[in-house]
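Worksheet: the structure to be examined is printed underneath.
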Amino acid sequence: MAFFKLLRKSPLTARVGLAMILLNAAAAILAPVIAPYSETEVVGDVWMPMSSEHLLGTDHIGRDLFTRLLYGARNTIAIAFVITMFSFAIGISCGFFAATLGGWIDLILSRLVDILMAIPVLIFALVVLAIVGNSIPKLVVVIALLDSTRVYRLSRAVAMDIEVMEYVEAARLRGEGTWWLMRHEILPNAMPPLVAEFGLRFCFVFLFIAALSFLGLGIQPPTADWGGMVRENSGAITFGIFTPLWPAAAIAFLTVGVNFIVDWFLHVASGLKD
Amino acid sequence: MTELLKIKNLHIEGFTDGKWIKIVHGIDLTLERGEILGLIGESGAGKSTIGLAAMGYTRLGCRISSGSIVFDGMELFESDEKTKKNIRGTRIAYVAQSAAASFNPAHRLIKQYSETPVQHGLMKFAEAEKNAVDIYSRLLLPDPEKIGYRYPHQVSGGQLQRAMVAMAMACRPDIIVFDEPTTALDVTTQIEVLAAIKNITRQFNTAAIYITHDLAVVAQLADRIMVLRYGNLVEENDARKILANPKKEYTRKLLSVRTLNEDKDLSASEKDVILKVEDVSASYTGTEMVLKNIDLKIRRGRTVALVGESGSGKSTLARVVTGLLPPLKGQVFYEGKQLPPALRSRDRESLRAMQMIYQMPDTALNPRQKVRKIIGRPLAFYFGMKGKERENRVLELLDMIELSSNYIERYPGELSGGEKQRICIARALAAKPNLIICDEVTSALDQLVAEEILKLMQELQNELGVSYLFITHDLATVKAISDEIVVMLKGRIVEQGIKKDVLAPPHHEYTELLLSSVPEMDPDWLDGVLEMRKRKGIKMEEFVQS
Chain A
6 MAFFKLLRKS
16 PLTARVGLAM
26 ILLNAAAAIL
36 APVIAPYSET
46 EVVGDVWMPM
56 SSEHLLGTDH
66 IGRDLFTRLL
76 YGARNTIAIA
86 FVITMFSFAI
96 GISCGFFAAT
106 LGGWIDLILS
116 RLVDILMAIP
126 VLIFALVVLA
136 IVGNSIPKLV
146 VVIALLDSTR
156 VYRLSRAVAM
166 DIEVMEYVEA
176 ARLRGEGTWW
186 LMRHEILPNA
196 MPPLVAEFGL
206 RFCFVFLFIA
216 ALSFLGLGIQ
226 PPTADWGGMV
236 RENSGAITFG
246 IFTPLWPAAA
256 IAFLTVGVNF
266 IVDWFLHVAS
276 GLKD
Chain B
1157 MTELLKIKNL
1167 HIEGFTDGKW
1177 IKIVHGIDLT
1187 LERGEILGLI
1197 GESGAGKSTI
1207 GLAAMGYTRL
1217 GCRISSGSIV
1227 FDGMELFESD
1237 EKTKKNIRGT
1247 RIAYVAQSAA
1257 ASFNPAHRLI
1267 KQYSETPVQH
1277 GLMKFAEAEK
1287 NAVDIYSRLL
1297 LPDPEKIGYR
1307 YPHQVSGGQL
1317 QRAMVAMAMA
1327 CRPDIIVFDE
1337 PTTALDVTTQ
1347 IEVLAAIKNI
1357 TRQFNTAAIY
1367 ITHDLAVVAQ
1377 LADRIMVLRY
1387 GNLVEENDAR
1397 KILANPKKEY
1407 TRKLLSVRTL
1417 NEDKDLSASE
1427 KDVILKVEDV
1437 SASYTGTEMV
1447 LKNIDLKIRR
1457 GRTVALVGES
1467 GSGKSTLARV
1477 VTGLLPPLKG
1487 QVFYEGKQLP
1497 PALRSRDRES
1507 LRAMQMIYQM
1517 PDTALNPRQK
1527 VRKIIGRPLA
1537 FYFGMKGKER
1547 ENRVLELLDM
1557 IELSSNYIER
1567 YPGELSGGEK
1577 QRICIARALA
1587 AKPNLIICDE
1597 VTSALDQLVA
1607 EEILKLMQEL
1617 QNELGVSYLF
1627 ITHDLATVKA
1637 ISDEIVVMLK
1647 GRIVEQGIKK
1657 DVLAPPHHEY
1667 TELLLSSVPE
1677 MDPDWLDGVL
1687 EMRKRKGIKM
1697 EEFVQS
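For the protein sequence lines, the chains are A and B, in the order given.
Per this note's numbering, the first sequence starts with residue 6, numbered consecutively.
Per this note's numbering, the second sequence starts with residue 1157, numbered consecutively.
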């Protein structure tokens, strides 16, 4: 209920962003219902133009692009969401532990993260995925771990600020354990920056998977995903055909939507009223 | 005499929650040349807002809705920014509460002094420098020739506040607005600043508006006093008349000296000692001792006041007792049993028996927890209470601190400062402690609110027999509620004993200084004290700056 109240006072951009995200979510969930064809079925010629039969035309081997776009939303968004959740779970718990316990635990975790962050993410991911092989679970774990280093840094910094507050000291004096301190005293107060970061990270992960797929190491064909679809159809550009621009536009669309929401949330959380 | 400043029917509004709300309701104010006007009231009375309005200025989110502000024949309300800019700093100056926050830490004092006169084209820099030395010496700053070349962090708080008064004086303004210039200072430092302000306003015949919540302070300086409440005038009269014969109930309340303590049986018995601190020395760095050989006893049902200035080690002692800072040397005993030095190795029972209440209730309560959880958690943690039983106990505790049961659903952000402090007390009481350590619990509160809190704590002590270790720098509080007094200076205890022994002469010389620095309602007090000190040759610096 509080959410709806907030929504009524929200700016236009937030409502637009929410609509954009809801549209994407609906497409992802209802893909099998809406899609006119199946995900991998070849239904026409290569790179057919838009028509009433094929709303957005066909791709490089004659599959319906609209259908692929719907299923792509499913795969890409779901995987990006799972990865972001994982990276936050790992990053926040490690960051909070480091901040509340301090000492050598903090030292070891922080140096480890520094080492991981010293290597460019895309190259590191390419190397690791090349070694361990390529499947969706492995992809999720690798990207989540790499991404959690960023979350770790933020949550540690935020928790450090909260940790010195007197209400945390009061809880310590009461004899509360580390877990309780993290869960009840620090986490609720760290939420605003972390949720904002969640929105941003989600977009980054999304683009990162798209980039990996584009390089051929992300989600493997024939599974549809937006990044992969841009790559597969990139040749069409030379013939002046729009096909690869549709999945690219879909990526941009969702990213913009999520960012609108994040901006709004930051605005609300920072207590700025207008 | 001519009227220098004349404010008529001033209305000021503030913008909150999407609408303009009146915060000052039609105030009239006149100020003559060389006159000092005291504005007094609690927070939210609108005194700072009125003080700033005298310069034709309002804080962000406020506006002057109607009225007139005539300064030396010029209308400031609705005049253009340029006119106002020319007047501000040169003809009307402002001295803020926290000098430490108002100085730029990256520039030397004298550069900041010269800024206004040079910018307004009144003096060349060299001239301003010479001028600064003159003002510094008039403000009784030590080494006036050189002190201007120091950075703000290289001088003490009281000196910095005087340097700020000097800055305000730079252009020889007609009016200075002092906004609580001594509130953040210790009593012994406050007296220096008061003397300096009194001195310089007399020498230059400067008019001043002096804003404060402390009647005793304003009594030393003001010729005339206006008492404000909720943006309305309560009472206005000559300083001497208002102190001798307050007309309104509210003024009388502000004036009334706190007398809360009833006589107790203070015969000392070893059996009653619940906390004993033995030969404790502690340090944060390992080399510089913050506490040196402290011995202290607290008896059941007693209030021990720990007095001293900032930096004397009072709060550090509390940290040692609670186990937050393990001492380098010495032990802490609770009911005859030695406590482990570190918090981590103490058992739950000894943690329960000692609770703490903090100075700033804003930071001592988790802003994301409701009152139910704040008070309920110690109940669940120490006594394993659940559900209905816990809920009932929380309501009982709310009743004890005189808050109604609907407060249980509130977040700390929805409470006033005094209510928050009450919640902190309830949280401490929930653990059924034998000793509560109170770290400056009233210093962030308004005078009347603070008094209610003290009264409540006194009642709870009578009812529950809990002991208090009361850390404070406010001697009025000490006089009001303590049974025993411990005076600390630079990490050592210089005097301790039962209240009437400590307060009655002969004193240790530091206790003497501390006691004589507490402003009294008598308008001649400041002159009297300074005169006496001159005669005796007591120098405050000996104690205050090491």
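Quick reminder that beta carbons are idealized off the backbone N, C-alpha and C, glycines included.
Please read these numbers as outputs of a predicted model, since none were measured by experiment.
Quiz item: Along the chain, where does the beta strand (DSSP E) that runs through E1434 of chain B open and close?
Solution: Numbered from 1 along the second sequence, position 278 holds the residue referred to as residue 1434 of chain B. Start and end: 1429-1439.
Quiz item: For G240 of chain A versus F219 of chain A, is the C-beta spacing smaller than 8 Å?
Solution: Locating residue 240 of chain A in the first sequence gives position 235, where the first residue counts as 1. Locating residue 219 of chain A in the first sequence gives position 214, where the first residue counts as 1. Cβ distance not < 8 Å, so G240 of chain A and F219 of chain A don't count as in contact.
Practice problem: State the CB to CB distance for the pair Y172 of chain A and T1519 of chain B, rounded to an integer number of angstroms; the pair is presumed to be in contact (CB under 8 Å). | Solution: Looking up residue 172 of chain A in the first sequence gives position 167. Looking up residue 1519 of chain B in the second sequence gives position 363. Indeed they touch by this definition, with Cβ atoms about 7 Å apart.
Practice problem: Could you have a look at K1542 of chain B and say whether DSSP puts it in helix, strand or coil? | Solution: To locate residue 1542 of chain B, count along the second sequence from 1; it is residue 386. DSSP places K1542 of chain B in coil when its eight states are reduced to three.
Quiz item: Would the stretch 78-96 of chain A and the stretch 147-165 of chain A be scored as touching if the rule is three or more Cβ pairs under 8 Å?
Solution: yes
Quiz item: Going by the C-beta, is I1220 of chain B closer than 7 Å to any heavy atom of the ligand SAM?
Solution: Looking at this structure, you won't find the ligand SAM or any other ligand, since it has none at all.
Quiz item: Cα separation between P1337 of chain B and A1319 of chain B?
Solution: If you number the second sequence from 1, residue 1337 of chain B lands on position 181. If you number the second sequence from 1, residue 1319 of chain B lands on position 163. Going by the C-alpha atoms only, they are around 12 Å apart.
Quiz prompt | Three-state secondary structure (DSSP) of Q1525 of chain B | solution = Position 369 of the second sequence, counted from the first residue, corresponds to residue 1525 of chain B. Of the three classes helix, strand and coil, the one that applies to Q1525 of chain B here is coil, per DSSP.
Quiz item: Would you say E168 of chain A faces chain B, with C-beta separation under 8 Å as the test?
Solution: Taking the first residue of the first sequence as position 1, residue 168 of chain A is located at position 163. Among the CB atoms of chain B, none fall inside 8 Å of the CB of E168 of chain A.
Quiz item: Taking Cβ-Cβ distances shorter than 7 Å, what residues in chain B pair up with A252 of chain A?
Solution: Counting from 1 along the first sequence, the entry for residue 252 of chain A is found at position 247. The sequence as given places Pro at residue 252 of chain A; Ala does not occur at that position. By Cβ distance, chain B contributes nothing, its closest Cβ being about 41 Å from P252 of chain A, past 7 Å.
Exercise. Taking the CB atoms as reference points, tell me whether C1580 of chain B and I1513 of chain B lie closer together than 8 Å.
Key: Locating residue 1580 of chain B in the second sequence gives position 424, where the first residue counts as 1. Locating residue 1513 of chain B in the second sequence gives position 357, where the first residue counts as 1. I1513 of chain B sits close to C1580 of chain B, with the two beta carbons spaced by under 8 Å.
Quiz item: How long is the line joining the alpha carbons of L1295 of chain B and V1343 of chain B, rounded to whole angstroms?
Solution: Counted from its first residue, the second sequence places residue 1295 of chain B at position 139. Counted from its first residue, the second sequence places residue 1343 of chain B at position 187. Distance between the alpha carbons of L1295 of chain B and V1343 of chain B: 18 Å.
Quiz item: In terms of residue numbering, what span does the beta strand (DSSP E) encompassing Q1511 of chain B cover?
Solution: Along the second sequence, one-based indexing puts residue 1511 of chain B at 355. 1510-1513 is the span of the beta strand (DSSP E), which, as asked, contains Q1511 of chain B.
Quiz prompt | Helix, strand or coil at R1691 of chain B according to DSSP, with G and I counted as helix | solution = Your numbering for residue 1691 of chain B matches position 535 in the second sequence. Looking at R1691 of chain B - three-state DSSP - the assignment turns out to be helix.
Self-check item: Proximity below 8 Å, CB of L1591 of chain B to CB of A1461 of chain B
Solution: Taking the first residue of the second sequence as position 1, residue 1591 of chain B is located at position 435. Taking the first residue of the second sequence as position 1, residue 1461 of chain B is located at position 305. Their beta carbons are not under 8 Å apart, which means L1591 of chain B does not touch A1461 of chain B by this criterion.
Quiz prompt | Chain-order list of residues whose beta-carbon lies under 7 Å from that of E1570 of chain B (same chain, five-residue window excluded) | solution = As a working note, residue 1570 of chain B is residue 414 in the second sequence. If you ignore the 5 residues before and after E1570 of chain B, its C-beta comes within less than 7 Å of no other C-beta in its own chain.
Self-check item: Touching by the beta-carbon criterion (3+ pairs, under 8 Å), the stretch 1637-1654 of chain B and the stretch 1467-1479 of chain B
Solution: yes
Quiz item: What residue ranges within the stretch 126-153 of chain A form continuous alpha helix (DSSP H) runs of no fewer than 4 residues, ordered along the chain?
Solution: 126-137
Self-check item: Under 8 Å by beta carbon: chain B residues contacting L106 of chain A
Solution: The residue you call residue 106 of chain A lines up with position 101 of the first sequence. Result: empty, since nearest Cβ-Cβ is about 11 Å, beyond 8 Å.
Quiz item: Cα-Cα, which of B:A1257, B:I1530, B:G1467, B:S1638 is closest to H2 of chain A?
Solution: Nothing about residue 2 of chain A can be read from this structure; chain A reaches only from 6 to 279.
Practice problem: Would you kindly report the start and end of the unbroken beta strand (DSSP E) that includes C1594 of chain B? | Solution: Locating residue 1594 of chain B in the second sequence gives position 438, counting from the first residue. 1591-1595 is the extent of the beta strand (DSSP E) around C1594 of chain B.
Quiz item: From G1194 of chain B to E1668 of chain B, what does the alpha carbon distance come to, in whole angstroms?
Solution: Here residue 1194 of chain B corresponds to residue number 38 of the second sequence, with the count starting at 1. Here residue 1668 of chain B corresponds to residue number 512 of the second sequence, with the count starting at 1. Whole-angstrom Cα-Cα distance: 29 Å.
Quiz item: Hey, is N29 of chain A's beta-carbon within less than 8 Å of any beta-carbon in chain B?
Solution: In the first sequence, residue 29 of chain A corresponds to position 24, counting from 1. Closer than 8 Å: no.
Practice problem: Decide if P41 of chain A is buried, meaning its Cβ has at least 16 other Cβ atoms within 10 Å, or exposed. | Solution: Counting from one through the first sequence, the residue named residue 41 of chain A turns up at place 36. Classification of P41 of chain A: exposed, given that the 10 Å Cβ count is below 16.
Quiz prompt | Terminal residues of the alpha helix (DSSP H) in which E1169 of chain B lies | solution = Translated into the one-based positions of the second sequence, residue 1169 of chain B becomes position 13. Note, E1169 of chain B: premise wrong, no alpha helix (DSSP H); beta strand (DSSP E) at 1159-1172.
Quiz prompt | Cross-strand partners of R68 of chain A (DSSP beta bridge) | solution = Your numbering for residue 68 of chain A matches position 63 in the first sequence. DSSP lists A:V47 as partners of R68 of chain A.
Quiz prompt | Min CB distance R13 of chain A to chain B below 8 Å | solution = Start at 1 with the first residue of the first sequence, and residue 13 of chain A comes out as number 8. No - not a single Cβ of chain B is within 8 Å of the one on R13 of chain A.
Quiz item: With a CB to CB cut of under 7 Å and the five nearest residues on each side skipped, what residues in its chain are close to V1634 of chain B?
Solution: Start at 1 with the first residue of the second sequence, and residue 1634 of chain B comes out as number 478. Result list for V1634 of chain B: A1461, V1463, T1628, I1641, in chain order.
Exercise. Using a threshold of 8 Å, state whether the C-beta atoms of K1162 of chain B and V1226 of chain B are closer than that.
Key: Locating residue 1162 of chain B in the second sequence gives position 6, counting from the first residue. Locating residue 1226 of chain B in the second sequence gives position 70, counting from the first residue. Taking 8 Å as the Cβ cut-off, K1162 of chain B and V1226 of chain B qualify as a contacting pair.
Quiz item: Taking L1604 of chain B as the reference, which of B:E1687, B:S1468, B:E1505, B:R1408 has the closest Cα?
Solution: Walking along the second sequence from the start, residue 1604 of chain B turns up at place 448. Nearest of B:E1687, B:S1468, B:E1505, B:R1408 to L1604 of chain B, Cα basis: B:R1408.
Quiz prompt | 8 Å Cβ cutoff met for A1252 of chain B and I1291 of chain B | solution = Here residue 1252 of chain B refers to the residue found at position 96 when the second sequence is read from its first residue. Here residue 1291 of chain B refers to the residue found at position 135 when the second sequence is read from its first residue. No, the Cβ-Cβ distance between A1252 of chain B and I1291 of chain B is not below 8 Å.
Exercise. Below 7 Å CB to CB, which residues in the same chain sit around R1546 of chain B once its five sequence neighbours on both sides are set aside?
Key: The sequence position of residue 1546 of chain B within the second sequence is 390, counting from 1. The answer, listed in chain order, is G1532, L1535, A1536.
Quiz item: F244 of chain A: which of A:Q225, A:I256, A:W52 sits nearest, CA to CA?
Solution: Within the first sequence, numbered from 1, the residue matching residue 244 of chain A stands at position 239. When only C-alpha atoms are compared, the closest one is A:W52.
Quiz item: Any idea which residues DSSP pairs A1364 of chain B with across the strands?
Solution: What you label residue 1364 of chain B is simply residue 208 of the second sequence in a count that begins at 1. DSSP lists B:I1192, B:I1332 as partners of A1364 of chain B.
Quiz item: Given a limit of 9 Å on CB to CB distance, which residues of the stretch 1357-1376 of chain B reach chain A?
Solution: Listed in chain order, the positions of the stretch 1357-1376 of chain B with a beta carbon within less than 9 Å of a beta carbon of chain A would be empty, since no residue qualifies.
Quiz prompt | Unbroken stretches of the beta strand (DSSP E), 3 residues or longer, contained in the stretch 1560-1638 of chain B | solution = Runs of the beta strand (DSSP E) inside the stretch 1560-1638 of chain B: 1591-1595, 1623-1628.
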